[in-house]
Amino acid sequence: MPMCRIFAATFKKGKVSPILKIGLKRLEYGGYDSAGMATINNGHLEIKKGVGKIDEVDKQVNFESLEGRTGIAHNRWATHGYPSVTNAHPLTDCTGNIAVVHNGVIENFLELKADLIEKGHEFKSRTDTEVVAHLIEDEIKSGKDFVDACLKAVKKVEGSYALAIIYSKEPDKIVLVKKESPLYLGIGSDGNFASSDPVAFVDRTNLMIPLEDYELAVITPYDHKIYSLKTETEITRKPVQIDIKPQMIEKGGYPHFMLKEIFEQPTSLYYAINIQKPYLEAISELMNRSKVNFLVGAGTSYHSCLAGSYMYSKIAGLATIPVVASEFIQQYGNTLDPDTSLLLVSQSGETADVLKVASYARMKASTVMALTNVVSSTITRLSRLYLVQQAGPEIGVAATKTYTSQLLIHLLLALEIGKRREKISENEINEYYSKIRSIPKIAESVLKDTDQKIKEVAEMLKDSSHIFYLGRGINTATAFEGRLKMLEIAYIPSSAFSAGESKHGPIALIEKNTPVIFIAPNDSSRKVILGNIMEIKSRGGKIITLGNAEDKELKDVSDVYIGMPESEDIITPILYVLPLQLLAYYTAVLKGLDPDKPRNLAKSVTVE
Ligand code: F6R
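To convert, take the position in the sequence shown, counting from 1, and add 118; that gives this note's numbering.
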C-alpha cells in the first residue's frame with residue numbers, strides 16, 4: 119500500500135502494543151483511512167484492525183489489549199481495495215500464522231494471486247499485499263525456515279515494498295524487506311524496531327540503520343541482521359545517530375502541527391542560512407559548469423524551483439529550467455546527457471516521481487544533486503551531492519516551513535553561482551547576506567503582525583466558492599503556493615496565475631465579490647500589477663492585496679490590505695507566503711477541518 123506507514127517492534131520484556139500505538143500516532147501523517155496491529159502472544163497471532171484515524175480505530179478495538187512482546191502495525195492509505203476492516207493491514211495467510219504489513223505497490227499481484235488461488239489458497243482481502251503472506255506460507259510448507267521463506271517469497275514479487283512480517287512459530291523474529299519504499303531499523307537496548315520513519319521510535323533509541331533497496335533484515339529483541347536479497351549473503355552496516363529529538367515531534371502547545379510549523383519559520387530559516395557551506399559551494403560549482411540546469415520537484419517543492427529559477431537568473435545570470443517531477447521524463451528525458459545537471463528538490467526525499475527522475479538522470483550520466491529535509495532519505499542515496507535544509511521534521515501534511523527554507527537555500531546557491539560567474543561583486547554579496555541574516559527576524563514580525571488581520575480575512579473567505587491568487591515575476595510562485603495551501607487544506611477551489619495571464623482567460627470568471635488575492639510587493643512589477651488590480655476591480659472583484667505597508671496607492675484601490683515590510687524583491691517570496699499559509703490554516707479551522715490531515719493526501723507521495 120503506497121502512502122502507508124509501517125512500524126514493528128520486539129522487546130526483551132513487556133508489552134509491545136502500547137509502544138506500537140504511540141508510533142502509529144506519530145506516523146499518522148502518512149496515511150489514515152485505516153489502521154491495524156498484530157502481536158504474537160503465546161505462539162499465536164492476535165490482530166486488531168479497523169477503519170478510520172488511529173484514535174477512532176483504537177476506540178473500536180483497544181490496541182493495548184493485545185498481549186505479546188513482538189508486533190507489527192500499520193497506517194493505511196488505500197489504493198488497492200477500498201478502506202475496510204478486511205483490507206486493513208496486517209494481512210494473514212491461510213493458516214493465520216503469518217502476518218504482513220506493507221508500504222508500496224505489488225505490480226504483479228494479480229498473476230501471483232491467480233497462481234496462489236490455483237494452488238488452493240483462499241484470499242480474504244482485495245489488497246495486493248495479501249499475496250506476500252500466502253507466498254511465504256507456501257515456502258514454509260515446502261520446508262524452509264521463516265527467514266528463508268520470506269527471502270524466497272519476496273523474490274517473486276515485482277514492485278515497491280517496505281514489508282514487516284511476523285510468524286507465530288518463530289515468535290521473537292520480525293523480518294523486514296525493502297525496495298523503493300523507505301524502511302529504517304532502530305537499534306535499542308531493551309529491544310529493536312523498524313519503521314517507515316524513525317519518528318516512530320525516536321524516543322526509544324537514538325541509533326538507526328537505513329535499509330537499502332533489495333535488503334532483508336531480521337530483528338529480534340537481542341540483535342539484528344541484514345542480508346542482500348540478491349546475493350543472499352550477510353551485510354554489516356554500522357548504526358547512525360538519529361537527529362530528531364522527541365520533543366521536536368510534539369505540537370509544542372499549538373493546536374495543530376501546521377500552525378506550529380508556520381510559527382517555527384523564523385527558526386527554520388535561521389538554520390537554512392547556516393547550511394553546510396562546503397556542499398553549497400560544491401553544488402554551485404557543478405551547476406555553474408553544466409550546460410543545462412534543471413530544477414525538479416513536485417507540489418510545493420516545485421513552486422520553490424519556480425521561484426528559484428528567477429533567483430538564479432537575476433543574481434547569477436544562470437538559466438535554469440523548473441520542471442514538475444511527474445512530467446520530467448516525458449518533457450526533457452531525451453535531452454539529458456553528461457553536461458546536464460539536475461537539482462532535485464524534495465522535502466521528504468521520498469517522492470516517487472522525483473526518485474524516478476533521479477534514477478533516469480543517473481542512467482543518462484547527468485549530474486544528480488538534491489535539496490531535502492530528511493538526512494537519510496532515498497534521494498540522498500541517489501544524488502552525487504545533496505544539501506539538507508535542516509528545517510526539522512514537518513509533520514503537518516501541508517508543506518510550510520520547508521518551503522521557505524527551500525526558497526532561502528535557492529537564494530544562497532544563486533549568490534554562490536553569481537560569485538563564480540562574476541555577476542555580482544563581493545560588496546553586493548555582503549549586502550545580500552546582511553539582508554538575508556535579517557530574514558528570520560522579519561519573518562517573525564510578519565507572522566505576528568498579520569496574524570489577526572488574516573483571521574478576519576479567513577472569516578470573510580471561508581464560504582467562497584472560488585478564490586483567485588495573482589502575482590507577477592518571482593511571486594507567480596507565491597500565488598501558486600498560496601493557492602495550493604488553500605485548496606488542499608480548506609478545500610476551496612482556487613486558481614493561481616501570473617497576473618499578466620489574467621486577461622487571457624481567467625478574467626472571464628470575475629463576478630461581483632469574487633475574491634482575488636494579489637501579491638504585489640514594491641518591485642519592478644508593481645506598476646503593471648496595479649493595472650491588473652484595476653481590471654479586476656472594474657469587474658466587481660473583491661481585491662485583497664499583500665503589498666508594502668507604505669504603499670498608499672495600492673491600499674486605496676484594495677478592499678482588504680495586508681501591509682508587509684519593505685524588502686529586496688527576490689526575498690519577497692519568503693515573506694509574502696507567510697500570511698498565505700496562515701490564511702489557508704485559519705480558513706480550514708473555521709470550516710471545522712483538520713489542517714494537519716487533509717482528506718486524500720499523504721505527507722510524502724511514494725507512488726507515481
Ligand atoms: C503541499 C505539499 C505537497 C508536497 C509534494 C512534494 O503542501 O506538501 O505538494 O510539496 O508532495 O513532496 P516532497 O517535497 O516531499 O517531495
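Using N, Cα and C, we set each Cβ at its ideal position, and we do this for glycine too. In this text, all values refer to a predicted model and were calculated from it rather than measured experimentally.
Close-in-space but distant-in-sequence residues of the same chain around residue i (CB under 8 angstroms, 5 per side omitted)
i	result
residue 342	303, 305, 310, 327, 335 and 336
residue 266	257
residue 353	333, 344, 345 and 346
residue 719	515 and 606
residue 455	482, 483 and 484
Distance between residue j and residue i (C-alpha atoms, nearest Å)
i	j	result
residue 707	residue 480	44 angstroms
residue 522	residue 241	47 angstroms
residue 627	residue 449	31 angstroms
residue 697	residue 469	27 angstroms
residue 507	residue 315	18 angstroms
residue 119	residue 427	Unreliable placement is indicated for residue 119, whose pLDDT of 34 sits below 50; the coordinate value is still reported in the next sentence. Taking the straight line from one Cα to the other gives about 35 angstroms.
residue 226	residue 584	42 angstroms
residue 216	residue 239	14 angstroms
residue 544	residue 530	14 angstroms
residue 568	residue 680	7 angstroms
residue 606	residue 153	23 angstroms
residue 609	residue 348	46 angstroms
residue 803	residue 331	Nothing about residue 803 can be reported from this structure: the residues present for the chain run from 119 to 726 only.
residue 122	residue 193	5 angstroms
Buried versus exposed call for residue i [16 or more other C-beta atoms within 10 Å across all chains shown]
i	result
residue 282	buried
residue 658	exposed
residue 465	buried
residue 604	buried
residue 394	exposed
residue 421	buried
residue 235	exposed
residue 631	exposed
residue 324	buried
residue 483	exposed
residue 612	buried
residue 228	exposed
residue 359	exposed
residue 402	buried
residue 684	exposed
residue 699	buried
residue 622	exposed
Reduced DSSP secondary structure (H/G/I, E/B, other) of residue i
i	result
residue 413	strand
residue 596	helix
residue 340	coil
residue 510	coil
residue 727	Since the first and last residues shown for the chain are 119 and 726, residue 727 lies out of range.
residue 400	helix
residue 240	coil
residue 347	coil
residue 537	helix
residue 658	coil
residue 120	Reliability of the predicted coordinates at residue 120 is poor, the pLDDT of 41 falling under 50, and the value obtained from them is presented with this limitation in mind. Reduced to three states, the DSSP call for residue 120 is coil.
residue 145	coil
residue 208	coil
residue 810	Residue 810 cannot be examined here, being either before or after the span of the chain that is shown, 119 to 726.
residue 695	helix
Cβ neighbours of residue i in the same chain (closer than 6 angstroms, five flanking residues each side left out)
i	result
residue 676	661 and 663
residue 275	224
residue 532	429, 430, 433 and 434
residue 250	218
residue 641	687
Proximity winner among the options, relative to residue i (alpha-carbon distances)
i	options	result
residue 463	418, 454 and 483	418
residue 412	425, 460, 398 and 404	460
residue 616	610, 608 and 601	601
residue 376	292, 520 and 620	520
residue 511	386, 567 and 471	386
residue 288	277, 577, 437 and 160	160
residue 290	614, 674, 128 and 565	128
residue 233	245, 222 and 252	252
residue 598	424, 669 and 176	424
residue 297	318, 269, 317 and 286	269
residue 130	188, 547, 541 and 178	188
Closer than 7 angstroms: residue i CB and nearest the ligand FMN heavy atom
i	result
residue 419	The ligand FMN is not among the ligands present in this structure, which contains only the ligand F6R.
Close-in-space but distant-in-sequence residues of the same chain around residue i (CB under 7 angstroms, 5 per side omitted)
i	result
residue 694	593, 596, 637, 639, 664 and 682
residue 689	553 and 557
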